[in-house]
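Working notes, beginning with the structure itself.
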């Protein structure tokens, strides 16, 4: 078998060995996603099984509904439900900086023993920092480390790591998906991960409210800038009519982006008197972070968000004008 | 490297060797999908490159828009655009029986030299039949054979095979996805397949009309049988208003099925005076093929279609009554 992450496998084993006999909190980030939950589950289990560490996963926010079944019998707590002073050390996964912990967790754990992450922006805030920006998911990095080190990976751990990879690669659709991603998934399935069961839990249990919200979002589509921009809108009345949850907007903006001829998809949300928005493009050349800056926001060249601090009625003409001039400027630069 | 399909690799090499110097048509099926096109492209290229065979892919129907870019420089023709008498022999891929060729192709090629397929129902209609029902896609079977035999796989061939696997596994979501699927994809990416480029072509170029049709379909959802059945409807007026294509209904019924608590999703389509429908369930125990039989249809336990021969207004009460009694009967059987 090839070695996946030789520079991280040894340091992980050393750092984990030093935790033996301690009570360890395995921290994730606020609004946790599949890679966060999966990585917390996997590290907690490996610390317990391989290193005889009394580890538990701790998150400021609850495990999302779609990920609940992947926790299995892993000790996993919300920060409010457990004595945060009862831990000797903390390990973090999938957190680029300390602010990602959320304020309650951040204050409770001033020192982090080990930080495992795949974000290029990671600030290396821990005593030991294992950061691999080339890996598609923290789950991929952890799986590679565990395989390199020959740890026994039980089916719950294998499935948790698989879920991290499947979700963070958009089900193997993002450019971060490499041959290594597939090779690692092959090993995870050999160790008991189940791709179809993961997909069922992740994608096949949509709520009626989410579909109703999607329907209203699609009905709102407007195409501007010679059809190169698609804007969709969620109004307060849509929330009221559908009883959808805040998390139900996840993925909506991709419907506006993934249309033939559309370069930038836009989602504008109005909720409880606040307005916020998202830009998505297929290509970094569209630099949507620069657009977001004009509306009190920021982000990446392909994905950015904004909080314009104005009503939808005030925002819309400004947004359209900004998109028009942004695309014109990009065309001039060539 | 492990051997993927040792019982098929040798016979493929023998059958292909016998075609050397001949003009060969590589046949697929009507209404071709990603696995059909990808497998045709891959076999045509390998026959040309490894066996110096003058091979061309032939299909009765055109290559779907989303797959066009994966053909590359492979000779690929619609049956109507080429002299079908100009070939010495034919090879078929992804075709469970001869009816899948379409009538024009079926009549032009009475004898098939080699049949490569992954459908359990394959009727073994050729001189050499390489059928592997355990593989997730014909593309997976072909890729395994090519790797086992050590053929050089160029990037266009690798991408075509990857597209076959990605589409036939529902982007690695179906139960047919195994560790072998991931191992083979790892090798395809090492040979130049690009998962993100494939996903972009396959999923990120939706037409505005298709999204408009989806919006109308979602707006039509009705939940019956204690919310265990979701019925969505496409009416003639929806076709007229959206200018959507017939192929744009693909995948719609899955929106009705993949809802928490829903056991059976139903799509009813009205077009040009005809009414047809589809049933989908998450679990074979719902035997939707039995339901379809009552409406002049049939299919599999999880996926079936019907042509009821009556108007939507006449169909709907009968459909609801049949669903109610079907679910009641299943509950009684336990």
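Chains as they are written, first to last, in our numbering: chain A, 372 to 705; chain B, 372 to 705. Using N, Cα and C, we set each Cβ at its ideal position, and we do this for glycine too.
(1) Do the CB positions of residue 462 of chain A and residue 395 of chain A come within less than 8 Å of each other?
(2) Under 8 Å between C-beta atoms, does residue 545 of chain B make it to chain A?
(3) Quick one: does residue 617 of chain A have its CB under 8 Å from some CB of chain B?
(4) Applying the criterion that 16 or more other CB atoms from any shown protein chain within 10 Å of the CB defines a buried residue, is residue 406 of chain B buried or exposed?
(5) Using a Cβ-Cβ cut-off of 7 Å (strictly less than) and excluding sequence neighbours within five positions of residue 426 of chain B, which residues of its own chain qualify?
(6) Can you tell me the Cα-Cα spacing of residue 513 of chain B and residue 380 of chain B, whole angstroms?
(7) Report the neighbours of residue 567 of chain A on chain B: residues whose CB is nearer than 7 Å to its CB, in chain order.
(8) Determine the chain A residues that contact residue 553 of chain B at a beta-carbon separation under 7 Å, and present them in chain order.
(9) Rounded to a whole number of angstroms, what is the C-alpha to C-alpha distance between residue 591 of chain A and residue 559 of chain B?
(10) Which two residues bound the contiguous alpha helix (DSSP H) that contains residue 689 of chain A?
(11) DSSP three-state call for residue 434 of chain A: helix, strand or coil?
(12) Suppose only complete runs of 3+ residues qualify. What are the beta strand (DSSP E) ranges in the segment 498–545 of chain A, listed by chain order?
(13) Can you tell which of A:578, A:618 and A:483 has the C-alpha that lies nearest to the C-alpha of residue 390 of chain A?
(14) By the DSSP assignment, the beta strand (DSSP E) with residue 601 of chain A in it spans what residues?
(15) Run down chain B in chain order and give the residues with a C-beta less than 7 Å from the C-beta of residue 586 of chain A.
(16) Who are the near neighbours of residue 372 of chain B in its chain, counting only those whose CB is closer than 6 Å to its CB and skipping five residues on each side?
(17) When the cut-off is 8 Å and only beta carbons count, does residue 570 of chain B lie next to chain A?
(18) Are the Cβ atoms of residue 409 of chain A and residue 527 of chain A separated by less than 8 Å?
(19) Residue 534 of chain A to residue 517 of chain A, Cα distance in whole Å?
(20) Roughly how many angstroms lie between the CA atoms of residue 603 of chain A and residue 589 of chain A, to the nearest whole one?
(21) Spell out a yes or no on whether the segment 490–497 of chain B and the segment 681–701 of chain A are touching, meaning 3 or more CB-CB pairs, one atom from each, closer than 8 Å.
(22) Could you say which of A:643, A:383, A:648 and A:642 lies nearest to residue 636 of chain A if we only look at CA atoms?
(23) Could you work out which residues of chain B lie near residue 658 of chain A, taking near to mean beta carbons separated by less than 7 Å?
(24) Give every residue of the same chain whose Cβ lies closer than 8 Å to the Cβ of residue 467 of chain B, excluding the five residues on either side of it in the sequence, and list them in chain order.
(25) When the Cα atoms are used, what is the spatial distance from residue 402 of chain B to residue 651 of chain A?
(26) Give a yes or no on whether the minimum CB-CB distance between residue 631 of chain B and chain A is below 8 Å.
(27) Between which two residues does the alpha helix (DSSP H) holding residue 416 of chain A run?
(28) Tell whether a beta-carbon distance below 8 Å holds between residue 676 of chain A and residue 668 of chain A.
(29) Taking the Cβ atom as the reference point for each residue, do residue 628 of chain B and residue 567 of chain A lie within a distance shorter than 8 Å?
(30) Using a Cβ-Cβ distance under 8 Å, would residue 649 of chain A count as near chain B?
(31) Among the residues of its own chain, which have a CB less than 7 Å from the CB of residue 658 of chain B, if the five just before and after it don't count?
(32) Give the residues of chain A in contact with residue 575 of chain B, contact being defined as C-beta atoms less than 9 Å apart.
(33) When you compare the CB of residue 427 of chain B with every CB in chain A, is at least one pair closer than 8 Å?
(34) Would you please verify whether the beta carbon of residue 390 of chain A is less than 8 Å from any beta carbon of chain B?
(35) Between the alpha carbons of residue 506 of chain B and residue 547 of chain B, how many angstroms are there, rounded?
(36) Report the three-state DSSP secondary structure of residue 456 of chain B (helix, strand or coil).
Based on what the coordinates show:
(1) Taking C-beta atoms as the reference points, residue 462 of chain A and residue 395 of chain A count as a pair closer than 8 Å.
(2) In terms of beta-carbon proximity, residue 545 of chain B lines the interface with chain A, with at least one pair separated by less than 8 Å.
(3) Output row for residue 617 of chain A: interface = no.
(4) Buried: at least 16 other Cβ atoms inside 10 Å.
(5) So the qualifying residues of the chain are 395, 397, 415, 418 and 419.
(6) Residue 513 of chain B and residue 380 of chain B have their C-alpha atoms some 9 Å from each other.
(7) Neighbours of residue 567 of chain A across chain B, judged by C-beta separation under 7 Å: 544, 545, 546 and 548.
(8) Listed along chain A, the residues sitting closer than 7 Å to residue 553 of chain B by beta-carbon distance are 553, 556, 557 and 560.
(9) As the crow flies, the alpha-carbon of residue 591 of chain A is around 41 Å from that of residue 559 of chain B.
(10) First-last of the alpha helix (DSSP H) with residue 689 of chain A: 683–704.
(11) Under the three-state reduction of DSSP output, residue 434 of chain A falls in the coil class, being neither helix nor strand.
(12) The beta strand (DSSP E) runs of length 3 or more contained entirely in the segment 498–545 of chain A are, from start to end of the chain, 499–502.
(13) Closest option to residue 390 of chain A, Cα to Cα, is A:483.
(14) Per DSSP, residue 601 of chain A belongs to the beta strand (DSSP E) from 600–605.
(15) Listed along the chain, the chain B residues whose CB falls inside 7 Å of the CB of residue 586 of chain A are 586, 589 and 590.
(16) The pLDDT assigned to residue 372 of chain B is 48, lower than 50, so where the model puts this residue is not dependable; a value taken from the coordinates is nonetheless given after this. Same-chain partners within the cutoff: there are none.
(17) Judged by the 8 Å Cβ criterion, residue 570 of chain B is in contact with chain A.
(18) Against a cut-off of 8 Å, the Cβ pair of residue 527 of chain A and residue 409 of chain A comes out as no contact.
(19) Straight-line Cα distance between these residues: approximately 16 Å.
(20) If I take the Cα positions, the gap works out to 7 Å.
(21) When Cβ pairs closer than 8 Å are counted between the two stretches, the segment 490–497 of chain B is seen not to touch the segment 681–701 of chain A, the count staying below three.
(22) Ranking A:643, A:383, A:648 and A:642 by CA distance to the CA of residue 636 of chain A puts A:648 first.
(23) Correct list: empty, because the minimum Cβ distance to chain B is about 19 Å.
(24) These residues qualify, in order along the chain: 488, 490, 492, 493 and 494.
(25) Those two C-alpha atoms are separated by around 33 Å.
(26) Chain A contact via Cβ: present.
(27) Secondary structure note for residue 416 of chain A: its alpha helix (DSSP H) is the uninterrupted segment 405–422.
(28) Yes, they are a contact pair.
(29) Not a contact, by the Cβ cut-off of 8 Å.
(30) Residue 649 of chain A does not count as touching chain B.
(31) Cβ within range, chain order: 672.
(32) Residues of chain A with a Cβ closer than 9 Å to the Cβ of residue 575 of chain B are, in chain order, 544, 625, 628, 629, 630, 631 and 653.
(33) Not one chain A Cβ lies under 8 Å of residue 427 of chain B.
(34) It does not; no Cβ of chain B falls within 8 Å.
(35) For the pair residue 506 of chain B and residue 547 of chain B, the Cα-to-Cα distance works out to about 7 Å.
(36) In this structure, residue 456 of chain B counts as helix in the three-state DSSP scheme.
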